[in-house]
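S.K.:
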Amino acid sequence: MTSYDRLNCTICLDWLDVSKPVVATDCLHVFHEECFQRCIRSPENSDQEIFYCATCRRLQPETNRLFLSSAPFGQSENQKELDAAYKTIEGLEKERSNYEQLKKVIQELCGFEVMERALSEIDMLERGAELTDSLMRLAGPDDDELSFNESEYLSDGSEISDSNPAFPLRSDEPRSPLQDSQSSEFFLLMMGGLIVIKTSLTKQKLWLFLKTLLDKKMSLLHLMLYQNTPQMDLTALITPT
Numbered sequence: 000m001t002s003y004d005r006l007n008c009t010i011c012l013d014w015l016d017v018s019k020p021v022v023a024t025d026c027l028h029v030f031h032e033e034c035f036q037r038c039i040r041s042p043e044n045s046d047q048e049i050f051y052c053a054t055c056r057r058l059q060p061e062t063n064r065l066f067l068s069s070a071p072f073g074q075s076e077n078q079k080e081l082d083a084a085y086k087t088i089e090g091l092e093k094e095r096s097n098y099e100q101l102k103k104v105i106q107e108l109c110g111f112e113v114m115e116r117a118l119s120e121i122d123m124l125e126r127g128a129e130l131t132d133s134l135m136r137l138a139g140p141d142d143d144e145l146s147f148n149e150s151e152y153l154s155d156g157s158e159i160s161d162s163n164p165a166f167p168l169r170s171d172e173p174r175s176p177l178q179d180s181q182s183s184e185f186f187l188l189m190m191g192g193l194i195v196i197k198t199s200l201t202k203q204k205l206w207l208f209l210k211t212l213l214d215k216k217m218s219l220l221h222l223m224l225y226q227n228t229p230q231m232d233l234t235a236l237i238t239p240t
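Heads up: the sequence shown is residues 0 to 240, going by numbering that gives the first Met the number 0.
Set out below in structure tokens:
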């Protein structure tokens, strides 16, 4: 029996349940007690002082009070469906909780990544600024004059080499410790920092440029002279591969 098979009061057509008192006649028809009493007190029955069954029209039937079970009707057959529904709801709640936790973790990681990237960029800018100042101080007071001569020479399209007269430092002159560090990692770091700050070279071109510097054994001072010369294009130093 399903919920659609539940008994109804034939007077009010509402369900017969524990919410209202129920009576049954000796002709085995069931009504709400209130509905049955109202039917008895109707003008038709009150004038004749008799009453009929509202279903079969039997004359003056006997009535008995019924006590229905308070257990929900059809609970046994629907219990499996209810249990499955509760399990589905619990699973959805658990998934929602896991999603909220994962969302929180992702937000924290994203915030940490952004902050770490910002701090890294700030540190790089600070190191780049300090490196630039140090290199400019190493250039000495004659840097402007040397840069001007270097610019005039390079504007003629002359080839860059160690024997080029435009370079004031000759290979036969005494070399400083700074010049001797051209092939070291320290030299590459200083070269890369200066180039990245003052030019817009890509990573590939930057590597080719540093390789060209090492192959030609150019001094740190020569590189600084190029950086101070607006007419000088650093990409021109990169030899085709």
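Even glycine gets a Cβ: it sits at the ideal position worked out from N, Cα and C.
Distance, Cα to Cα, L12 vs N77?
M.R.: Taking the straight line joining both Cα atoms gives about 24 Å.
S.K.: Report the CB separation of L65 from V17 in whole angstroms; it is logged as a contact under 8 Å.
M.R.: Not quite, the Cβ-Cβ distance comes to about 10 Å (not below 8 Å), so this is no contact.
S.K.: Anyone know if the C-beta pair for A23 and C38 falls short of 8 Å?
M.R.: No, the Cβ-Cβ distance between A23 and C38 is not below 8 Å.
S.K.: Is it buried or exposed for C55, if we count other Cβ within 10 angstroms and need 16 for buried?
M.R.: Answer is exposed; the Cβ neighbour count stays below 16.
S.K.: Given N7, which residues of its chain have a CB within under 7 Å of its CB, disregarding the five upstream and five downstream residues?
M.R.: Taken in chain order, the residues that qualify are D13, W14, L15.
S.K.: Which value, in whole angstroms, describes the spacing of the CA atoms of Y51 and R57?
M.R.: In a straight line, the C-alpha of Y51 is about 5 Å away from that of R57.
S.K.: Please report the Cβ distance between H31 and K19, rounded to the nearest whole angstrom; I am assuming they are in contact, meaning their Cβ atoms lie under 8 Å.
M.R.: That belief holds up - the Cβ atoms of H31 and K19 are roughly 5 Å apart, short of 8 Å.
S.K.: In its own chain, which residues sit with a C-beta less than 6 Å from the C-beta of N63, not counting the 5 before and 5 after it?
M.R.: Closer than 6 Å at Cβ, skipping near neighbours: A23.
S.K.: What separation, rounded to the nearest whole angstrom, lies between the Cα atoms of E94 and E129?
M.R.: Near 52 Å, if we compare the C-alpha coordinates of E129 and E94.
S.K.: For the alpha helix (DSSP H) that R37 lies in, which residues bound it at each end?
M.R.: Start and end: 32 to 39.
S.K.: With DSSP as the reference, label T87 as helix, strand or coil.
M.R.: T87: helix per DSSP, three-state reduction.
S.K.: V104 by DSSP, collapsed to three states: which one?
M.R.: V104: helix per DSSP, three-state reduction.
S.K.: To which residues does DSSP link V21 through a beta bridge?
M.R.: H31, L65.
S.K.: How long is the line joining the alpha carbons of E107 and L118, rounded to whole angstroms?
M.R.: The alpha-carbon atoms of E107 and L118 are separated by roughly 16 Å.
S.K.: Could you give the DSSP three-state label for L130: helix, strand or coil?
M.R.: In this structure, L130 counts as helix in the three-state DSSP scheme.
S.K.: Run through DSSP, which three-state label would L6 get?
M.R.: L6 falls in the coil class under three-state DSSP.
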